[in-house]
Structures are given as C-alpha cells and as structure tokens.
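This report refers to the structure that appears directly beneath it.
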Amino acid sequence: MQTTEKNATSDSQSFSLKDWQGGYRSQPQEFAYRIEDIEGQIPSDLEGTLFRNGPGLLDVNGYPVKHPFDGDGLINSIAFKDGRAFFRSRYIRTEGYVAEQKQGKPVFRGVFGTQKPGGVLANAFDLKLKNIANTHVVYWGDKLLALWEAAEPHRLDPETLETIGLDYLEGLIAPGGAFTAHPKFDPGHHDGQPRMVGFSVKSGVSSTITLHEFDVDGKPISSHSHTVPGFAFLHDFVITPNYAIFFQNPVTLNPLPYVMGFKGAAECIAFNEKAPTKIIVIPRNGEGEVQFIDTDSCFVFHHANAFEADGRIVIDSIRYGDFPSLKGGEDYLNVDFDQVPEGQLWRFTVDLAAGTADPVPLVSRSVEFPTLNPERVGLSHRYLFIGATDSPTGNAPLQAILKLDLETKQEQLWSAAPRGFIGEPVFVPRPQGQSEDEGWILVLVYNAERTCSDLVILDAQNLDAEPVARLKLSHHIPYGLHGSFVETYFGPA
Ligand code: CO
C-alpha cells in the first residue's frame, strides 16, 4: 500500500492520515478463534452474534482497487455468550472473488472505477457487473444474507460463514435481479408481528421501485411496483407503519464513459444543485397515491429513522450539500478531507396534505452511520447513535460515537481519537431493558497504535464513560460498511 506524510497531524487535526490509511490494508486471511485479550468485562447478559460486512480486499494480487467500495465482501462475526466471545471471518465466495483469486488479477470491472488490467480497450463495452456482496449482512427467516444493492443476495451459513449461494428471496427476484442493501426491520407495526421490508429499483429515464414485505419466517407478504420519473439512485429508505419513504437525489447518469471503458458506473453520476431532492412516499399497503414532495437540493445516503405524527411524517437523515463524488483520478488513500462534503443530521418534517417538507439541521458535527434501538424503527425515537468526527467542526474520518437525546437536545460523545477510527455503531438492547437507551453500542475500531482492530462495547446510557469492554483482535479488519446484531449465539458450543 502507498502511504504518504501529506496532511500529517497538525494542531488542528485529531488524527494522522498515515494512521487512518492503515485501516485500508487488505486482509486476505480468514480467522476463527476465541477472543482472549480483553480489557474490562463482556456483560454476561450480552448474548447473540454481531455480523459485519465490508470490503476486505483493497487489491487483487497487488492490483489495487480504485475505490474501497469495489473491494470483495468480507464477513466478520463475533458471537457472545456467558461473558465470552468467538471471532470468525470469511470471504463471500462470489463468482468474482473465486475467479479473481484463481487467476490472480481483476477479471471484472468495479462499479466504483476499478478497471481490469489492459487499459481502455480491455474494459470498453464490458458491462458485466461483479456482484461484490460487500455492503450489509442481515439475518431474517433463518437466512443469513450478504447484500449488495445492484445484484442478488448471497446466502451464508451463520455459524461457519460458508457461502451457500445466491438467494432469490422465495422467487421475488429473478436471476440478474437486485435487492436493496438496506432492508428495514418493522418491529411489529401490524398485529405485533415483525416484518422485513425491502425494495428493488430499476433506474433509467424513468425508474421502477418494487416494495417487498416478508413475514417473520421469510415468506413474502406483499410486493408492489411504482414508476417514478427520472433516474433514481436509492441506497437507503425509511419506513413508518403506513409508508415507505425514499429520497430521490437530484443526480443524473451519463453512462458513456462507463460503456467506453474510461470510468466506473458510479463515477458517471452528476449532482444537480439546482434541482430539488424529491421525497417519494409510497403507501406500504400498495393502495392509494404515491406522493412526491420537493425539498431543497441535497444528497442523502442514509436515514436514521422516520415516524408519523399528526398527519406529518418526520424523517431524520444524514444530509450532504453535494454528492460526495469520486472525482476522477483521485487517490482515495490520499483524500483531502477538507475537500469532501460532510454529512450532517437533519430532520425533514413532511406535511402530506400540504405537500411540503421542512428541513431543519439537528447536529452541525460531521456524522455518518446513524442507528437506534431496533424497537423504535418506524416509531418516534428519543435517542440516536451516530458515527462522528472527533472535532465538532470540519470534515475528518469517523473517530467518535455521538449520542443525541432529541428530548433534552443533550449530546454525549465517546471518542477513539487520536489513533482510533470507528465503523458503524450497532445498538443492542439489554434483555428486559426498560428505557430506550438501555443497552450497548458495539463498534469495531481500527486501533492504529496496535495496527489491529478492537471490538468496543459501550454502555449506551453512559456513552461517554470508559468502555464496558475492549476485545483486542489479533489482526486488523479493513474499514467496513454495515452489519447486524442477531439474538442467537452462532459460535461453537
Ligand atoms: Co449504506
């Protein structure tokens, strides 16, 4: 890996670029071991399995990826029981991973700009997607699924993490079809029965969104499709008991440089700051009109939550003023954070009768990866937990976890700076817990001091206290994307 001293630590920075770069080394090895090096104590009532997904290879046999989002999906699991923890990691045996490991070079082009060796001619007109399976991992209806939004899920064995094969969700998606990397878990808005809600999108001059709902056994309950005008780049969405809500960012796709072999598909997206962002409100029961509500031009990857209140829908989202674009030729390892748009938490209050949206900033600090108590999904929430920068101003890598109390407006911050870099936090409710914030935050931290990763357990009620436990892994895990906590222990007996 190439590193540089550019942007080395100054007084105003909470990190050194070189430390941060260390978390983007490939991790080709797979592991299975009991974690013995622990500071503090794992709570004895923390039982279940944390699954994480993210790019594990930042190169294929020395050929670097252009962007980490093109890295092969590596699943990490940590199973907790009786105050002990078992770690396991395994690559998803996607068609692309298997072929490239065998041939020792990139065989597929990456959506985020990674090219096959051989220049433009080797890449032109090769539009075959690599289903890289690196974005999220969820467990529903006894299936562990690795997700990537442009293709089919891969089903995995939750104990061994072995790849079982592509999964077509009981026939809801066809071979070559796609399923979101961000399904939502309705905790029981209807008859108290939990559901998984997900979608597929086909984007073009107009786009078709198909909304799917699954019962607790993974059986399809409903599926309905809606056509919306324009190109729709939809990474995430939110649900309430009655609605599924999407933000259609004002972006256009010019696929020519991708088709011609110059760029990855995602590098051909252009943001239009003069066009509004459209909030698309789809009734979950498939009946009634789809509503489109304009709001000021912005870009949203991730939403924190949404809920209904007096004919309004309240949506908390991470808002960017511009598409955090992959400017051509830029080396992601030497990114100048000051030049990258920062995400901030905003609240959009949508009045369905008036057809208006009222956006208000909630937190000025740069944040990403919001989460909350899973029992509050689609319902009003008091607390949010979000990955954050250490510094209250400016853009930087995520090094801290911010807890926001929306009732008192109080904030708590736990920071791993200067040498720790955090991934997405996951909230685990304490069994029989009474209040919404009673539970733990589990977060993987790349610890530049050890050049290894730690799994940190924080008390969500006292977030800024010392960690409850720090589990020191014997290796690093490259910066990941999303993951899930499952209340079943999937470790060895
Ligand atoms: Co995401």
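Read in order, the letters of the sequence shown correspond to residues 2 to 494 in this note's numbering. The beta-carbon is built from N, C-alpha and C at its ideal position, and this holds for glycine as well. Please read these numbers as outputs of a predicted model, since none were measured by experiment.
Legend entry - Beta-carbon spacing of Leu146, Thr136 below 7 angstroms: Stepping through the sequence shown from its first residue, residue 146 is reached at position 145. Stepping through the sequence shown from its first residue, residue 136 is reached at position 135. Contact flag unset, no.
Inset, instruction - Measure the alpha-carbon distance for Val121 versus Val429 and round it to whole angstroms. - result: Residue numbering aside, residue 121 sits at position 120 when the sequence shown is read from its first letter. Residue numbering aside, residue 429 sits at position 428 when the sequence shown is read from its first letter. C-alpha separation (whole angstroms): 47 angstroms.
Inset, instruction - Please classify Pro256: does DSSP put it in a helix, a strand, or coil? - result: Numbered from 1 along the sequence shown, position 255 holds the residue referred to as residue 256. It is coil, neither helix nor strand.
Inset, instruction - Ignore the nearest five residues each way along the sequence and tell me which others in Lys131's own chain have a CB closer than 6 angstroms to its CB. - result: Here the question's residue 131 lines up with position 130 in the sequence shown. Sequence-distant Cβ neighbours of Lys131 in its own chain, meaning closer than 6 angstroms and more than five residues away, are Gly97 and Phe109.
Legend entry - Rounded separation between Ile174 and Asp71 - CA only: As a working note, residue 174 is residue 173 in the sequence shown. As a working note, residue 71 is residue 70 in the sequence shown. Distance between Ile174 and Asp71, taken at the CA atoms: about 23 angstroms.
Legend entry - Same chain only: Cβ atoms within 7 angstroms of Gly434, ignoring 5 sequence neighbours per side: Position 433 of the sequence shown holds residue 434. Sequence-distant partners of Gly434 (beyond 5 residues in either direction) whose C-beta falls short of 7 angstroms from its own C-beta, in its chain, are Gly440.
Inset, instruction - Spell out a yes or no on whether the segment 377–396 and the segment 304–314 are touching, meaning 3 or more CB-CB pairs, one atom from each, closer than 8 angstroms. - result: Touching, yes.
Inset, instruction - State the CB to CB distance for the pair Pro155 and Thr95, rounded to an integer number of angstroms; the pair is presumed to be in contact (CB under 8 angstroms). - result: By 1-based counting over the sequence shown, the position of residue 155 is 154. By 1-based counting over the sequence shown, the position of residue 95 is 94. A quick correction: the sequence has His, not Pro, at residue 155. That belief holds up - the Cβ atoms of His155 and Thr95 are roughly 6 angstroms apart, short of 8 angstroms.
Legend entry - Ser1 versus Ser298: straight-line alpha-carbon distance, rounded: Outside the modelled stretch of the chain, which goes from 2 to 494, sits residue 1, for which no answer is possible.
Inset, instruction - List the whole-angstrom C-beta distance separating Gly219 from Glu171, where the pair is believed to meet the contact cut-off of C-beta under 8 angstroms. - result: Reading the sequence shown from its first residue, position 218 is the one you call residue 219. Reading the sequence shown from its first residue, position 170 is the one you call residue 171. Correct: roughly 7 angstroms between the Cβ atoms.
Legend entry - Own chain, CB closer than 6 angstroms to Gly356, minus 5 neighbours either side, in chain order: Start at 1 with the first residue of the sequence shown, and residue 356 comes out as number 355. Correct list, in chain order: Ile294.
Legend entry - Nearest-angstrom Cβ-Cβ length linking Gly41 and Ala470, presumed shorter than 8 angstroms: As a position in the sequence shown, residue 41 is number 40, starting the count at 1. As a position in the sequence shown, residue 470 is number 469, starting the count at 1. With a Cβ gap of about 4 angstroms, Gly41 and Ala470 count as contacting.
Inset, instruction - Would you mind working out which of Pro29, Ala33 and Lys19 sits nearest Gly63, comparing C-alpha positions? - result: Translated into the one-based positions of the sequence shown, residue 63 becomes position 62. Closest by alpha carbon: Pro29.
Inset, instruction - Return the CA-CA distance between Glu343 and Phe302, expressed in angstroms with no decimal places. - result: Looking up residue 343 in the sequence shown gives position 342. Looking up residue 302 in the sequence shown gives position 301. When rounded, the distance between both Cα atoms is 12 angstroms.
Legend entry - Of the listed residues Val239, Leu403, His227 and Phe232, nearest to Gly199 (C-alpha basis): Position 198 of the sequence shown holds residue 199. Comparing Cα-Cα distances from Gly199 to each of Val239, Leu403, His227 and Phe232, the minimum goes to Val239.
Inset, instruction - Report yes if the CB atom of Ser90 is closer than 7 angstroms to the CB atom of Phe32, and no otherwise. - result: For the purposes of this step, residue 90 is taken as residue 89 along the sequence shown, with counting starting at 1. For the purposes of this step, residue 32 is taken as residue 31 along the sequence shown, with counting starting at 1. The answer is yes: Cβ separation under 7 angstroms.
Legend entry - Start-to-end residues for the alpha helix (DSSP H) that takes in Lys103: The sequence position of residue 103 within the sequence shown is 102, counting from 1. Unbroken alpha helix (DSSP H) run through Lys103: Glu96 to Gln104.
Inset, instruction - Spatial neighbours of Val368 within its chain, please: CB distance less than 7 angstroms, with the 5 preceding and 5 following residues excluded, ordered by chain position. - result: Counting from 1 along the sequence shown, the entry for residue 368 is found at position 367. So the qualifying residues of the chain are Ile319, Gly344, Gln345, Leu346, Ile387, Gly388, Ala389 and Leu403.
Legend entry - Close Cβ partners of Ile314 (< 8 angstroms) along its chain, the five nearest in sequence each way excluded: Position 313 of the sequence shown, counting from 1, holds the residue named residue 314. Closer than 8 angstroms at the Cβ level, and outside the excluded window around Ile314, lie Thr241, Tyr244, Ile246, Val282, Ala307, Phe308, Thr350, Val351 and Leu353.
Inset, instruction - Excluding the 5 residues preceding and the 5 following Thr253 in the sequence, name in chain order all residues of the same chain whose CB lies nearer than 7 angstroms to its CB. - result: Position 252 of the sequence shown, counted from the first residue, corresponds to residue 253. Same-chain partners within the cutoff: Phe232, Ala271 and Asn273.
Inset, instruction - Note down the Cα distance separating Leu58 from Arg431, rounded to an integer number of angstroms. - result: Taking the sequence shown and counting its residues from 1, one reaches residue 58 at position 57. Taking the sequence shown and counting its residues from 1, one reaches residue 431 at position 430. Cα-Cα distance, rounded: 34 angstroms.
Legend entry - First and last residue of the uninterrupted beta strand (DSSP E) at Leu445: The count along the sequence shown starts at 1 and reaches residue 445 at position 444. Taken as a continuous stretch (DSSP letters only), the beta strand (DSSP E) holding Leu445 covers Gly440 to Asn448.
Inset, instruction - Quick one: measure Cβ to Cβ for Pro375 and Phe186, integer angstroms, because I've assumed they're closer than 8 angstroms. - result: The residue labelled residue 375 in the question sits at position 374 within the sequence shown. The residue labelled residue 186 in the question sits at position 185 within the sequence shown. At roughly 6 angstroms, the Cβ-Cβ gap stays under 8 angstroms, so Pro375 and Phe186 are in contact.
Inset, instruction - Could you say which of Gln462, Gly74 and Ser17 lies nearest to Pro479 if we only look at CA atoms? - result: By one-based count along the sequence shown, residue 479 stands at place 478. Among Gln462, Gly74 and Ser17, the Cα nearest to that of Pro479 is on Gly74.
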